[in-house]
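K.L.:
Attaching a single structure in structure tokens format; questions to follow.
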Amino acid sequence: MLNRSLAPQIKDAVEYSISLKSPAIFKLDNNVDVYNVQAGTEEVVQIEWVFKAGNWFEEKKLVASAANFLMKNGTGNKSAYEINEFVDFYGAYLNRSCYNETAVVSLHCLSKQLEHILPLVQEIFMDAILPEEELLIYKQNMKQRLAVNLKKCDFIAGRKIDALLFGEQHPYGVYSEMGDYDALQREELLAYYNAFYKNGHCTIFSAGILPSNFQELLNRYFGKLPFNKTVIQEKSHAIHPSSQKKWNILNDAEGVQGAIRIARACPLPTDPVFPKLQVLNVLFGGFFGSRLMTNIREDKGYTYGIYSYLMNHIHASAILISTEAGRDVCEATVKEVYHEMDQLRMHEVGKEELLLVKNYLIGTLLGDLDGPFHIIGRCKNLILHGMNVSHFNYYVDVIKSIQPHELKQLAEEYLIPDDFYELTVV
Amino acid sequence: MIQFDRFVLKNGLKVLVHQDQSTPMAVVNVLYDVGARDEDESKTGFAHLFEHLMFGGSVNISDYDEPLQLAGGENNAYTTNDLTNYYCQLPAENLETAFWLESDRMLSLAFSKKSLDVQRKVVCEEFKEHYINKPYGDVWQMMRDLAYKVHPYKWMTIGKELAHIENAQLDDVKQFFFKHYTPANAILVVAGNVDTAHVKKLAEKWFGEIPSGVKYNRNVSQEPAQQEERRMTVKRNVPMDAIYKTWHMASRLEHDYYATDLLTDILGGGASSRLYQALVKEQQLFAQINCYHFGSLDRGLFTIEGQLVKGVEIKDAEEAIESELDKVRSQLIDERELQKVKNKTESVMAFEDMSVMNRAGSLAFYELLGDGQLMNEEFKRYQDVTTEDLQRIAKDVLKDTNSNTIWYLAN
């Protein structure tokens with residue numbers, strides 16, 4: 001008879017050797033670095049062109065994100081529709097995203113279609129015209145999207161907590177209002193495009209099953225472009241955190257839930273203590289079995305989910321706890337969050353719970369490194385932070401070796417309720 | 001081409017094994033043939049609430065998540081109107097842990113009162129977060145109720161109202177479990193760095209003894225063909241007017257499903273689609289517009305939803321949609337345009353198949369449709385669609401007497 005109450009033997013995930021290999025790298029004729037993971041089971045490719053063109057470099061709100069968005073909405077030769085139709089016809093996805101330091105153009109397509117699409121991407125980097133008509137549509141539609149978002153407590157809370165941590169003038173804390181869209185001018189966007197894309201600083205990250213002439217292809221279409229000729233002026237932005245720690249905002253008198261955000265500054269991802277904080281974060285609120293989830297969802301039922309995060313910015317980081325809870329239990333939720341901080345400061349985590357966290361983390365990393373897109377994603381994140389794969393391998397060592405007393409010390413330093421901003425938006 | 005082996009245990013449990021030695025991980029996916037369409041109209045939301053309770057401990061194991069996490073695994077689950085799917089991924093050496101956990105909760109749950117009390121609250125918060133405390137969040141409740149008069153698709157997976165979830169009793173939970181969570185109603189897919197002989201041994205060991213249970217015979221009333229146009233208008237505290245239109249469409253197993261799917265792409269699949277180009281870019285009547293469907297197993301809803309540009313009359317916006325629909329009804333679309341949506345479909349499938357977890361989930365889904373092998377024949381069915389098919393579908397499906405329209409107005 002099978003004894004079902006007895007768990008099968010397991011191999012502790014911490015016994016796995018796990019490491020991230022450096023991606024292959026080559027340079028285009030114009031000195032652009034191309035990082036490259038050639039692997040996979042499906043005939044697909046992903047290429048990302050990463051520019052130093054995030055909102056860190058803009059002089060006026062929204063210029064960076066608007067230029068990034070409109071870049072593929074028309075060139076000297078092709079209308080926005082013609083570009084979209086062309087990309088769709090080849091079953092490709094050409095997207096763009098604007099972040100804080102960087103802005104990205106990304107391409108996903110079947111390997112066999114790559115050669116068809118690259119000339120179009122080149123055209124976008126050489127000859128985007130950001131048409132006035134497209135800008136007008138963009139402003140109108142973005143203002144409507146903002147109007148809808150302003151009805152949501154989680155949206156209001158998300159941008160407010162950033163503003164409290166970094167200040168509304170800082171690229172990490174800045175947020176947009178209707179008037180900011182109205183104020184956008186095509187000339188400013190064109191100037192931004194010229195400086196930060198056309199003549200900007202570009203790094204390429206590629207992965208998947210790449211054609212054998214991949215290097216030649218990239219060089220043909222991107223190796224002659226005037227990238228990386230002009231040095232982008234480094235800028236610094238001062239952080240001005242709010243002096244008021246506790247905030248309650250009523251956005252919707254009829255709201256049935258409140259969005260809770262609790263946050264404080266913490267060391268940067270490049271700091272040796274950061275990987276240890278990552279382990280503490282997972283234990284505290286970083287996975288389904290965390291202290292916060294176990295107490296506030298699985299024991300009390302106050303919320304559908306609660307998580308804590310470490311922000312992944314380049315110039316400043318923070319610990320953030322985030323949840324939407326029933327309106328009548330928001331206060332109780334906040335109290336429990338602090339209670340869990342207290343527990344971590346006062347008591348060492350038990351050996352068994354820590355082993356669970358370690359095994360979970362290593363298991364997740366093993367799963368995450370599955371496939372070329374995930375691998376290049378990890379590498380890209382490290383490289384853009386000025387790190388390399390040895391930082392990842394150090395992180396793995398930290399997970400395997402960290403001890404209960406170290407986590408308690410970290411909690412004593414970083415999980416002090418009075419140090420946190422506390423915000424509830426209904 | 002996805003390779004797999006298939007065998008059936010004596011108790012009726014179907015097992016599919018898909019090997020991929022390029023990953024150190026294994027995936028265990030258990031699909032139960034039960035969804036919100038199997039609920040009683042006075043106890044809606046139950047299939048989904050039940051999914052939460054599947055994590056509240058089983059007859060011999062007090063907690064599902066902890067041992068899995070200890071084995072380096074992670075897991076999740078989802079419920080739709082048609083099915084409930086549980087999946088976990090863990091290092092392949094620890095595969096047996098997943099068998100131990102999954103088989104015990106198929107054998108029987110702990111039926112803990114505490115778990116029911118807590119998960120009722122959790123699901124109520126999920127309901128609020130997604131369907132109440134969100135602009136336009138209640139529209140699907142109204143639309144399903146408008147479009148379906150008989151079929152249980154008339155309520156959402158989360159449930160018709162909060163009260164149904166708040167009132168769920170432990171007895172309901174037990175009945176539901178023994179009716180639906182049996183080997184005969186389940187499909188087990190094991191994928192990743194595994195081999196079939198070993199999986200077979202583990203399947204026999206852990207699932208073989210579970211009593212097969214009574215095979216549930218679904219007896220869902222099918223929706224009669226709609227004969228008259230249905231409309232409703234609501235006013236809500238939202239910033240912009242919006243319009244939602246649906247038409248009854250082919251079920252997942254009908255041949256016309258594939259042409260219908262491609263037609264939604266022609267109209268609303270991305271930035272070069274017809275509705276987006278004509279109504280957002282050229283006429284600027286809508287700030288956003290989408291066309292999609294839900295892939296429902298029974299006859300589903302072909303959907304167009306759009307948010308109007310402020311100041312546009314909703315009547316004019318609706319007429320503009322109609323005039324685009326007239327074009328697909330009255331003229332054959334271009335071969336190149338059809339080729340475009342086929343190419344997109346081909347690449348979507350390739351990207352989906354990148355992850356072992358997705359492949360395992362898809363195999364379970366196609367096995368539920370009748371045969372895991374369908375997964376490999378799917379693209380051929382799309383390739384066979386002609387421009388004439390698209391026009392015929394447009395005429396058959398997108399007609400007024402088959403339509404349901406909600407004007408969702410800002411007050």
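First to last, the sequence lines map onto chains C and L. In terms of this note's numbering, the first sequence has 237 at position 237, counting the first letter as 1, and numbering is strictly consecutive. In terms of this note's numbering, the second sequence has 47 at position 47, counting the first letter as 1, and numbering is strictly consecutive. For each residue, glycine too, the CB sits at the ideal point set by N, CA and C. Quick caveat, the model's predicted, so the values are computed rather than measured.
#1: Ends of the beta strand (DSSP E) at L:TYR244?
#2: What does the Cβ neighbour count give for C:ASP127, buried or exposed, with the cut at 16 atoms within 10 Å?
#3: C:GLN409 CB to nearest chain L CB: under 8 Å?
#4: Using three-state DSSP, classify C:LYS198 as helix, strand or coil.
#5: Have a look at the DSSP bridge pairing and note the partners of L:ASN60.
#6: Tell me the rounded alpha-carbon separation between C:PHE86 and C:PRO119.
#7: Would a check of beta-carbon distances place L:ILE333 closer than 8 Å to chain C?
#8: Return helix, strand or coil for C:SER106, following the three-state DSSP convention.
#9: Cβ of L:HIS130 within 8 Å of Cβ of L:VAL34?
#10: Taking 7 Å as the limit between beta carbons, can you name the residues of its chain near C:MET110, skipping five residues before and five after?
#11: Please report whether the beta-carbon of L:ASP65 lies at a distance below 8 Å from any beta-carbon of chain C.
#12: Taking the alpha carbon of L:THR79 as the reference point, which residue from L:GLY72, L:ILE158 and L:CYS124 has its own alpha carbon closest?
#13: Assign C:ASP29 to buried or exposed, taking buried as 16 or more other Cβ atoms, counted over all protein chains shown, within 10 Å of its Cβ.
#14: Along chain C, in chain order, which residues have C-beta atoms closer than 7 Å to that of L:ILE132?
#15: Taking only beta carbons into account, state which residues of the region 109 to 143 of chain C come closer than 7 Å to chain L, listed in chain order.
#16: For L:SER272, would you say it is in contact with chain C, using Cβ-to-Cβ distances shorter than 8 Å as the test?
#17: Thinking C:GLY367 and L:GLN89 are a contact (beta carbons under 8 Å), I'd like their distance in whole angstroms, please.
#18: Against chain C, which members of the region 193 to 212 of chain L pass a CB distance test of less than 8 Å?
#19: Can a CB atom of chain L be found closer than 8 Å to the CB of C:PRO226?
#20: Examine chain L for any beta-carbon lying closer than 8 Å to the beta-carbon of C:PRO8, and answer yes or no.
#21: Looking at chain C, which residues of the region 305 to 316 of chain L have a Cβ within less than 8 Å of any of its Cβ atoms?
#22: Given that C:SER106 touches chain L, what residues does it touch there, using C-beta distances under 9 Å?
#23: Rounded C-beta distance between L:TYR216 and L:ASN185? I'm assuming under 8 Å.
#24: Return yes when the Cβ of C:ASN251 is within less than 8 Å of the Cβ of C:ILE156, no when it is not.
#25: Would you say C:PHE288 faces chain L, with C-beta separation under 8 Å as the test?
#26: Could you tell me how far apart the beta carbons of C:LEU165 and C:GLY173 are, in whole angstroms, since I believe they sit closer than 8 Å?
#27: For a test of the three-state rule: what should DSSP assign to L:TYR32, helix, strand or coil?
#28: Taking C-alpha atoms, which residue in C:THR364, C:TYR414 and C:VAL398 lies nearest to L:LEU68?
#29: Within the same chain, show all residues whose beta-carbon is closer than 7 Å to that of L:PHE286, passing over the 5 residues directly before and after it, in chain order.
#30: With H, G and I counted as helix, E and B as strand and the rest as coil, what does DSSP make of C:MET341?
#31: Against chain C, does L:PHE351 count as a neighbour if the rule is that its beta carbon must be under 8 Å from one of theirs?
#32: Check distances from the C-beta atoms of the region 222 to 244 of chain L to those of chain C and list, in chain order, the residues that come in under 9 Å.
#33: Under 8 Å between beta-carbons, which chain L residues line up against C:LEU355? List them in chain order, please.
#34: Cβ atoms of L:GLU337 and C:GLY289: under 8 Å apart, would you say?
#35: In the DSSP assignment, find the unbroken beta strand (DSSP E) run with L:VAL150 in it and report its ends.
#36: Under the DSSP definition of a beta bridge, which residues are partnered with C:ALA259?
P.N.:
Per the coordinate set shown:
#1: As a working mapping, residue 244 of chain L is identified with position 244 in the second sequence. L:TYR244: member of the beta strand (DSSP E) spanning 242 to 248, first to last residue.
#2: Numbered from its first residue, the first sequence carries residue 127 of chain C at position 127. Answer is exposed; the Cβ neighbour count stays below 16.
#3: Taking the first residue of the first sequence as position 1, residue 409 of chain C is located at position 409. The beta-carbon of C:GLN409 is placed no less than 8 Å from the nearest beta-carbon of chain L.
#4: Position 198 of the first sequence, counting from 1, holds the residue named residue 198 of chain C. Note: C:LYS198 maps to helix in three-state DSSP.
#5: As a working note, residue 60 of chain L is residue 60 in the second sequence. Answer is none; L:ASN60 lacks a bridge partner.
#6: Taking the first residue of the first sequence as 1, we reach residue 86 of chain C at position 86. Taking the first residue of the first sequence as 1, we reach residue 119 of chain C at position 119. Looking at the two C-alpha atoms, the distance is approximately 11 Å.
#7: For the purposes of this step, residue 333 of chain L is taken as residue 333 along the second sequence, with counting starting at 1. Output row for L:ILE333: interface = no.
#8: Taking the first residue of the first sequence as 1, we reach residue 106 of chain C at position 106. C:SER106: strand per DSSP, three-state reduction.
#9: On the second sequence, residue 130 of chain L is found 130 positions in, with the first residue counted as 1. On the second sequence, residue 34 of chain L is found 34 positions in, with the first residue counted as 1. Not closer than 8 Å, so no.
#10: To locate residue 110 of chain C, count along the first sequence from 1; it is residue 110. The displayed chain sequence assigns Leu, not Met, to residue 110 of chain C. Counting only Cβ-Cβ distances below 7 Å, and skipping sequence neighbours, we find GLU43, VAL44 and GLY91.
#11: For the purposes of this step, residue 65 of chain L is taken as residue 65 along the second sequence, with counting starting at 1. L:ASP65 counts as touching chain C.
#12: Here residue 79 of chain L refers to the residue found at position 79 of the second sequence. Nearest in C-alpha terms to L:THR79, of all of L:GLY72, L:ILE158 and L:CYS124, is L:ILE158.
#13: For this step, residue 29 of chain C is matched to residue 29 along the first sequence. Classification for C:ASP29: exposed.
#14: Numbered from 1 along the second sequence, position 132 holds the residue referred to as residue 132 of chain L. Near L:ILE132 (Cβ distances below 7 Å), the residues of chain C are VAL256.
#15: For the region 109 to 143 of chain C, the set of residues with a beta-carbon nearer than 7 Å to any beta-carbon of chain L comprises CYS109, LEU110, ILE137, GLN140 and ASN141, in chain order.
#16: Working through the second sequence from its first residue, we reach residue 272 of chain L at position 272. Taking Cβ atoms only, chain C reaches closer than 8 Å to L:SER272, which makes this a yes.
#17: Along the first sequence, one-based indexing puts residue 367 of chain C at 367. Along the second sequence, one-based indexing puts residue 89 of chain L at 89. Rounded, the Cβ-Cβ distance is 5 Å, consistent with contact.
#18: LYS205, TRP206 and GLU209
#19: One-based indexing of the first sequence puts residue 226 of chain C at position 226. Not one beta carbon of chain L lies nearer than 8 Å to the beta carbon of C:PRO226.
#20: By one-based count along the first sequence, residue 8 of chain C stands at place 8. True, the Cβ-Cβ gap to chain L drops below 8 Å.
#21: GLN307, VAL309 and LYS310
#22: The residue given as residue 106 of chain C occupies position 106 in the first sequence. Chain L residues near C:SER106: none, gap ~13 Å exceeds 9 Å.
#23: To locate residue 216 of chain L, count along the second sequence from 1; it is residue 216. To locate residue 185 of chain L, count along the second sequence from 1; it is residue 185. Here L:TYR216 really is in contact with L:ASN185; their C-beta atoms are around 5 Å apart, less than 8 Å.
#24: In the first sequence, counting from the first residue as 1, residue 156 of chain C sits at position 156. In the first sequence, counting from the first residue as 1, residue 251 of chain C sits at position 251. With respect to C:ASN251, C:ILE156 sits close: the two C-beta atoms are nearer than 8 Å.
#25: Position 288 of the first sequence, counting from 1, holds the residue named residue 288 of chain C. At least one chain L Cβ lies under 8 Å of C:PHE288.
#26: As a first step, residue 165 of chain C is located in the first sequence; it is residue number 165 there, counting from the start. As a first step, residue 173 of chain C is located in the first sequence; it is residue number 173 there, counting from the start. Contact flag correct, Cβ pair sits at about 6 Å.
#27: Start at 1 with the first residue of the second sequence, and residue 32 of chain L comes out as number 32. Residue state, collapsed to three classes: strand.
#28: What you label residue 68 of chain L is simply residue 68 of the second sequence in a count that begins at 1. It is C:THR364.
#29: The sequence position of residue 286 of chain L within the second sequence is 286, counting from 1. Excluding sequence neighbours, L:PHE286 sits near LEU279, VAL280, GLY306, GLN307, LEU308, VAL309 and ALA317.
#30: In the first sequence, the residue the question calls residue 341 of chain C occupies position 341. Reduced to three states, the DSSP call for C:MET341 is helix.
#31: Reading the second sequence from its first residue, position 351 is the one you call residue 351 of chain L. Proximity of L:PHE351 to chain C, defined by a Cβ-Cβ separation below 8 Å, is satisfied.
#32: ASN237, VAL238, PRO239 and MET240
#33: As a working note, residue 355 of chain C is residue 355 in the first sequence. What C:LEU355 touches in chain L: LEU70.
#34: On the first sequence, residue 289 of chain C is found 289 positions in, with the first residue counted as 1. On the second sequence, residue 337 of chain L is found 337 positions in, with the first residue counted as 1. Not a contact, by the Cβ cut-off of 8 Å.
#35: For the purposes of this step, residue 150 of chain L is taken as residue 150 along the second sequence, with counting starting at 1. Segment: none, L:VAL150 is in no beta strand (DSSP E) and carries neither H nor E.
#36: Along the first sequence, read from residue 1 onward, the residue named residue 259 of chain C stands at position 259. Note: C:ALA259 sits in a beta bridge opposite C:GLU324 and C:VAL425.
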